[in-house]
Amino acid sequence: MSATFVGMPAFPKAAREALSDTQLRRNLAHATGTIRAKRAAVVGEVDDWEELRLAGAAIKDNVLRHLDEHLLRLEKSLTDRGATVHWARDAAEACEIVASIARQHAVDEVVKVKSMATQEIGLNEALAAQGITAWETDLAELIVQLGDDLPSHILVPAIHRNRAEIREIFRSRMAAAGRPAPDDLSDRPAELAGAARLHLREKFLRARMAVSGANFAVAESGTLVVVESEGNGRMCLTLPEVLVSVVGIEKIVPTWSDLDVFLQLLPRSSTGERMNPYTSTWSGSTEGQEAHVVLLDNGRTRALADEVGRQALRCIRCSACLNVCPVYERTGGHAYGSVYPGPIGAILNPLLRGTGVDEQTDSLPYASSLCGACFDACPVRIDIPEVLVHLRAKVVDAHRSSPKAEAVAMKSASWVLADARRLNWAERGMGLAGRVLNRVGRKVMPGGRRALGRLPWPGSLWSNARDVPAPPVESFRSWWRREGRR
Amino acid sequence: MKVAVQVTCINDTMFPDTGKAVFTLLRRLGVEADFPAAQTCCAQPMVNTGYLDEAVPVVRNFVDAFAGYDAIVTPSGSCAGSARHQHSIVARRSGDARLREAVARTSPKVYELTEFLVDVLGVTDVGAYFPHRVTYHPTCHSLRMLGVGDRPLRLLREVRGLDLVELPAATECCGFGGTFAVKNAETSTAMGADKARHVLEAGAEVLVAGDNSCLLHIGGLLSRQRTGVRVMHLAEVLAGTEDAA
Ligand code: SF4
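Top to bottom, those sequences are chains A and B.
This note's numbering puts the first residue of the first sequence at 89, with every later residue one more than the last.
This note's numbering puts the first residue of the second sequence at 25, with every later residue one more than the last.
What follows is the structure in structure tokens.
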């Protein structure tokens, strides 16, 4: 019972399929529209929002600049307080650490509180391969897991599903995973939540081991912080005997007063709430519980080495950029082929995995119109458009030894545009074409210009859906020469 | 003040009327602007597609063509944004110190048309006449990269005869995005189709914006769907007068 992003097609193809899914389009437009409005309203209430954003960015930048020192400090505070710290270079190492802890305690099932890091490393699949079942306890994660589906949003992984679909998933799949859904389950949110609560309660009470992520890790006190809105996190964190937290190494904030800034930025940016319902903090191990912390790299030091791209590691996974992104709104999260979709996914995935490695990853920096809405929304001021363009350059550079048609086109455009005389010659050619086309072009566009018909490839990429005006018979340049400088 | 107009490559080759309108308008306001004939393009098509090496000679041509002017006015939020925010990246990559200096000198002098009219010339009533029902689309780069704010609307509100109607979801991207329009053609079209629908909802005869590239995209959709709605560059609206009409 688990799907995987491995082998997803490149963005344009995946997007094409999503675009024709009318239910998905409706679910997404509705959900992102609602949360967008909510976020705008609560952000508008804060007078010093811009200062908060700047503070958040500065704290994270400082952490990233001295990441080694902060990590050692975190490790020490955690160890002092009785937690066992593990370091994982990549996904395989991290999964093996968690699995071996499970084996030591002879558990064959674990409960999980939503954690992007464990999804990033494919923990559930790795555990399943060793006969250990991982149960998601976040409502949306549960929906995704039961539906043998993939998450499509950072915060609301089942955003692409509506109530009717959720009811269907619960009715047909819950029984196989534990307590079945009631026979008369309707699609009322309260009933759906009630069914999930009963289903999950059984698992919370039974589980001896839990796996969590962390939104923040406070270095000075060795405190991990989980911010959530359902209370399932608190159940996972407190009930089991063994708690393993998988934490990306960029999650550090140095002190509690730094944490304060993010606890203001995060809820407003993510769920559009002034404050989130549950904030759990724990420092090391508590009585009767064994605590492990896996500090995960998995590409983060690669991203850190990228001067322009490293700002992506400031990300606090609030999902504000997804909710305002016009591309995400239409294609949904699956098209990005990763647990990190939307604008942040379009930069984070290539930064973590590297450019020039596979076609799917290389397609992501181009999955944006560069409209800039993500930058405006980002609570830690990640200049996503800037990083996108930077990564596009890296993708192009990675393929310079085997130039595509596009590279040839760009080279010739560059040659023409580097010198006005060359451009002038090119325009004469267009003017000639314009004279012919203006005579033979049959369609007249509103305003009176003739339109070109459907063009052969690659022009068809444009003209399949959009008319193109015929070129003018005279360029501006040649008009200016003739009579402009009166 | 020595003023140059950067007509932009798209306007030069596809929309010469926009360039003409800018000159008509500036002359009417008493500004004798030049068209430095050595100009070509701001290099944005290369930069935004990731071809930074290919952008270098184009940026070099840009700074050479506009050297010696106090203000460079362009009827494109996108090209102004490119000059102000991307040329330095290209120059840094080139490793050419002379180019870096030239860019540092030139970039801050680039103004998007409405910035120049409102901030430098200090006018909002440019004496224009345009008796049509118009809606205005703030293009992403003028809105977010440059932050031109309500300057275009202030100019439009002073136009005689013009009936300005609000565009629903105005600040949403139209989906053009340069090479995005062909690399992700379906997604681009889906975004543009929503924009076109909003234009129809607004009940406008004419959609006005400050970037012909976005208008090429939205206008292409409006025309394909035979909506009868025309697109027009803001400069052309502002250049119109009662005498000319
Ligand atoms: S990039 Fe910014 S807006 Fe997007 S999820 Fe991260 S913190 Fe939030």
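C-beta atoms are modelled at their ideal positions from N, C-alpha and C, and glycine is treated no differently.
These numbers come from a predicted model, not from an experiment.
| Check | Outcome |
| --- | --- |
| CB contact check: B:F237 to chain A, cutoff 8 Å | Residue identity differs from the one stated: residue 237 of chain B is Ser in this sequence, not Phe. Not closer than 8 Å to any Cβ of chain A, the Cβ of B:S237 fails to qualify, so no. |
| Beta-carbon proximity of B:M25 to A:P557, cut-off 8 Å | no |
| First through last residue of the beta strand (DSSP E) which encompasses A:S300 | 297-300 |
| Residues of its chain near B:A228, where Cβ-Cβ distance is below 7 Å and the 5 sequence neighbours each way are ignored | R157, V158, T159, V189, V253 |
| Neighbour flag for A:A295 against chain B, beta carbons, 8 Å | no |
| Host beta strand (DSSP E) of A:W223 (start-end) | 221-224 |
| Counted within 10 angstroms of its Cβ, other Cβ atoms place A:R276 as buried (16 or more) or exposed | exposed |
| Span separating the alpha-carbon of B:L50 from that of A:V314 | 59 Å |
| Neighbourhood of A:M89 by C-beta distance below 6 Å, restricted to the same chain and skipping five residues each side | Only weak support is given to the placement of A:M89: the predicted model assigns it a pLDDT of 45, under 50, and the value that follows is read from those uncertain coordinates. Counting only Cβ-Cβ distances below 6 Å, and skipping sequence neighbours, we find D236. |
| Three-state class that DSSP yields for B:L239 in the structure shown | helix |
| Check: A:P431 C-beta below 7 Å from any heavy atom of the ligand SF4 | yes |
| 7 Å CB neighbourhood of A:L401 in its chain, flanking five on each side removed | L152, E338, R388, A391, L392 |
| Within 9 Å of chain A by C-beta, residues of the segment 84-95 of chain B in sequence order | R84, N85, A89 |
| Residue nearest to A:P431 in terms of C-alpha spacing, selected from A:S407, A:D271, A:E139 | A:S407 |
| B:S131, buried or exposed, once every other Cβ within 10 Å from all chains shown has been counted against 16 | buried |
| Neighbour flag for B:S166 against chain A, beta carbons, 8 Å | no |
| Segment limits, alpha helix (DSSP H) that includes A:M204 | 204-208 |
| Collapsed DSSP secondary structure at A:I470 in the structure displayed | coil |
| At least 3 beta-carbon pairs within less than 8 Å: the segment 444-451 of chain A vs the segment 460-468 of chain A | no |
| B:G185 at chain A interface by Cβ criterion, 8 Å | no |
| C-beta atoms of A:L234 and A:A281 nearer than 8 Å | no |
| Opposing strand residues paired with A:S368 [DSSP bridges] | A:V314 |
| Neighbour flag for B:G4 against chain A, beta carbons, 8 Å | As displayed, chain B neither begins before 25 nor continues past 269, which places residue 4 of chain B out of reach and without an answer. |
| Residues of its chain near A:E290, where Cβ-Cβ distance is below 6 Å and the 5 sequence neighbours each way are ignored | G266, R267 |
| Inter-residue CB distance, A:C324 and A:V244 (contact presumed, cutoff 8 Å) | Wrong, their Cβ atoms sit about 19 Å apart, outside the cutoff. |
| Cβ of A:C459 within 8 Å of any chain B Cβ | yes |
| For A:S333, the residue or residues it bridges with in DSSP | A:S300, A:V381 |
| Expected contact under 8 Å - CB spacing of A:G298 and A:V199 to nearest Å | According to the sequence shown, residue 298 of chain A is Ala rather than Gly. 5 Å between Cβ atoms; contact. |
| Any non-hydrogen atom of the ligand SF4 closer than 7 Å to A:C409 Cβ | yes |
| Where A:M625 meets chain B, residues with beta-carbon distance less than 8 Å | What the structure shows of chain A is the stretch from 89 to 574, and residue 625 of chain A is not part of that stretch, so it cannot be assessed. |
| Nearest-angstrom Cα separation, counted from B:N208 out to A:N250 | 27 Å |
| Check: A:V244 C-beta below 7 Å from any heavy atom of the ligand SF4 | no |
| A:I340 - partner residues in DSSP beta bridges | A:A305 |
| Counterpart residues of A:E197 in DSSP-defined beta bridges | A:T221 |
| Beta-carbon proximity list for A:R322, same chain, < 6 Å, skipping 5 on both sides | Y366, S368 |
| Length of the line joining the Cα atoms of B:Y75 and A:A495 | 8 Å |
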